[in-house]
Amino acid sequence: MEYAMCTLITGNRKFGSLVGVTAHELAHTWFQFLMATNEGKHEWMDEGFTSYISSEAINQVNQEYAPNPHTGSYRGYAFLANSGKEEPQTTHADRYASNRAYGITAYSKGAVFLAQLGYVIGKENLNKTLKQYFTDWSFKHPTPNDFIRVAEKTSGIELDWYLMDWTQTTKTIDYGIKSTLMGEKSTTITLERIGAMGMPIDLDVTYKDGTKEQFYIPLQMMRGEKPINFKGLKRTLAKDWAWAYPTYTLEIDNGKEILAIEIDGSQTMADVNRENNVFKAQ
Ligand SMILES: [Zn+2]
Numbered sequence: 044m045e046y047a048m049c050t051l052i053t054g055n056r057k058f059g060s061l062v063g064v065t066a067h068e069l070a071h072t073w074f075q076f077l078m079a080t081n082e083g084k085h086e087w088m089d090e091g092f093t094s095y096i097s098s099e100a101i102n103q104v105n106q107e108y109a110p111n112p113h114t115g116s117y118r119g120y121a122f123l124a125n126s127g128k129e130e131p132q133t134t135h136a137d138r139y140a141s142n143r144a145y146g147i148t149a150y151s152k153g154a155v156f157l158a159q160l161g162y163v164i165g166k167e168n169l170n171k172t173l174k175q176y177f178t179d180w181s182f183k184h185p186t187p188n189d190f191i192r193v194a195e196k197t198s199g200i201e202l203d204w205y206l207m208d209w210t211q212t213t214k215t216i217d218y219g220i221k222s223t224l225m226g227e228k229s230t231t232i233t234l235e236r237i238g239a240m241g242m243p244i245d246l247d248v249t250y251k252d253g254t255k256e257q258f259y260i261p262l263q264m265m266r267g268e269k270p271i272n273f274k275g276l277k278r279t280l281a282k283d284w285a286w287a288y289p290t291y292t293l294e295i296d297n298g299k300e301i302l303a304i305e306i307d308g309s310q311t312m313a314d315v316n317r318e319n320n321v322f323k324a325q
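With this note's numbering, you'll find the sequence shown wraps up at 325, consecutive numbering, no jumps.
Spelled out as structure tokens, the structure:
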């Protein structure tokens, strides 16, 4: 349990648990103490940001270097979203119907807010955003809108839709591959938006010759794109998807035969049903 300048940690813990709780309570030095956010009204900016930062730190300190150290938070969030007991993150910390809904919403969904923002604007832009947020807002009681404005100015992407749908509603994200039509020289892929929350799509395509390519489909209301360069992976910018359209068609006409297609192969978009995200050629 954290208090400014004093942290209480229970004894008789296993080593991993002791490291985890120590990292968590240390991270509170920034989230909430330095930022001085309102813990009752915006509990996810406190526990969620702390969970995100401590998982990132442990991943480095323990030399695990997992590409996504937040998988536990994604699993927790998906469990709550699919249970029907989720309440919006704007709910006051003391007003949730159950302690479990409060805990997962503040800690897990709050950590996913940041990890998934990295999917939307790019990880480098997310890191820059967090540093700028400290510089601009330490000791000033920032609100959710203050944070998202820093992310918008840093990335050049409009993000009001992300803040609203993720924090003020219980709308969920579910995209699927509806159909795949293989012609002689081209493949027509139809994607569908099943969940009510719109998101940009990273579509990972593996060809039969062993090469890979990622098609990046920005969400129209982002009014921008994340950086296209991405560690060795070929990324191709596709046309925008306006969120209200339930389907989107992409034609790949490079003459290559397709082996597999996956929506968000990095699994950093919080899709609540991943079963319809994958297509494998027979
Ligand atoms: Zn905490």
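Yeah, the Cβ is synthetic: ideal placement off N, Cα and C, and Gly gets one too.
Quick caveat, the model's predicted, so the values are computed rather than measured.
(request) Could you check how far apart the C-beta atoms of Ser-309 and Asp-252 are, in whole angstroms? I think they sit under 8 angstroms. (result) Indexing the sequence shown from 1 puts residue 309 at position 266. Indexing the sequence shown from 1 puts residue 252 at position 209. Distance from Ser-309 to Asp-252 at the Cβ level is roughly 22 angstroms; contact not present, criterion being Cβ atoms closer than 8 angstroms.
(request) State the start and end residues of the unbroken alpha helix (DSSP H) segment that holds Asp-62. (result) Locating residue 62 in the sequence shown gives position 19, where the first residue counts as 1. With the sequence shown as reference, residue 62 is identified as Val, and Asp is not the correct amino acid for it. Its alpha helix (DSSP H) spans residues 58-70.
(request) Count the CB pairs spanning the stretch 117-134 and the stretch 148-155 that are closer than 8 angstroms, and state whether there are at least three. (result) These segments touch.
(message) For Lys-323, report the span of its beta strand (DSSP E) as first-last.
(response) Looking up residue 323 in the sequence shown gives position 280. Residues 321-323.
(request) Using 10 angstroms around the beta-carbon of Ser-141, count the other beta-carbons present and answer buried if the total reaches 16, otherwise exposed. (result) Start at 1 with the first residue of the sequence shown, and residue 141 comes out as number 98. By the neighbour-count rule (16 or more Cβ atoms within 10 Å), Ser-141 is not buried but exposed.
(request) Please indicate yes or no: does the CB of Thr-93 lie closer than 7 angstroms to some heavy atom of ligand 1? (result) The residue labelled residue 93 in the question sits at position 50 within the sequence shown. For ligand 1, at least one heavy atom lies less than 7 angstroms from the Cβ of Thr-93.
(request) Keeping to the same chain, check which residues put their C-beta closer than 8 angstroms to that of Gly-267; ignore five residues upstream and five downstream. (result) Position 224 of the sequence shown, counted from the start, is the residue given in the question as residue 267. These residues qualify, in order along the chain: Ser-198, Gly-199, Ile-200, Glu-201, Pro-261.
(request) Could you tell me which residues DSSP pairs with Lys-255 in its beta bridges? (result) Mapped onto the sequence shown, residue 255 falls at position 212. Under the DSSP definition of a beta bridge, Lys-255 partners with Thr-249.
(request) Report yes if the CB atom of Val-315 is closer than 8 angstroms to the CB atom of Asp-217, and no otherwise. (result) Working through the sequence shown from its first residue, we reach residue 315 at position 272. Working through the sequence shown from its first residue, we reach residue 217 at position 174. Judged by their CB atoms, Val-315 and Asp-217 are nearer to each other than the 8 angstroms cut-off.
(message) Does Trp-284 come out as helix, strand or coil in the three-state DSSP assignment?
(response) Numbered from 1 along the sequence shown, position 241 holds the residue referred to as residue 284. Residue state, collapsed to three classes: strand.
(message) Is Glu-90 near ligand 1 - that is, is its Cβ less than 7 angstroms away from at least one heavy atom of it?
(response) Stepping through the sequence shown from its first residue, residue 90 is reached at position 47. At least one heavy atom of ligand 1 is nearer than 7 angstroms to the Cβ of Glu-90, so yes.
(request) Please classify Gly-226: does DSSP put it in a helix, a strand, or coil? (result) Against the sequence shown, residue 226 aligns to sequence position 183. Of the three classes helix, strand and coil, the one that applies to Gly-226 here is coil, per DSSP.
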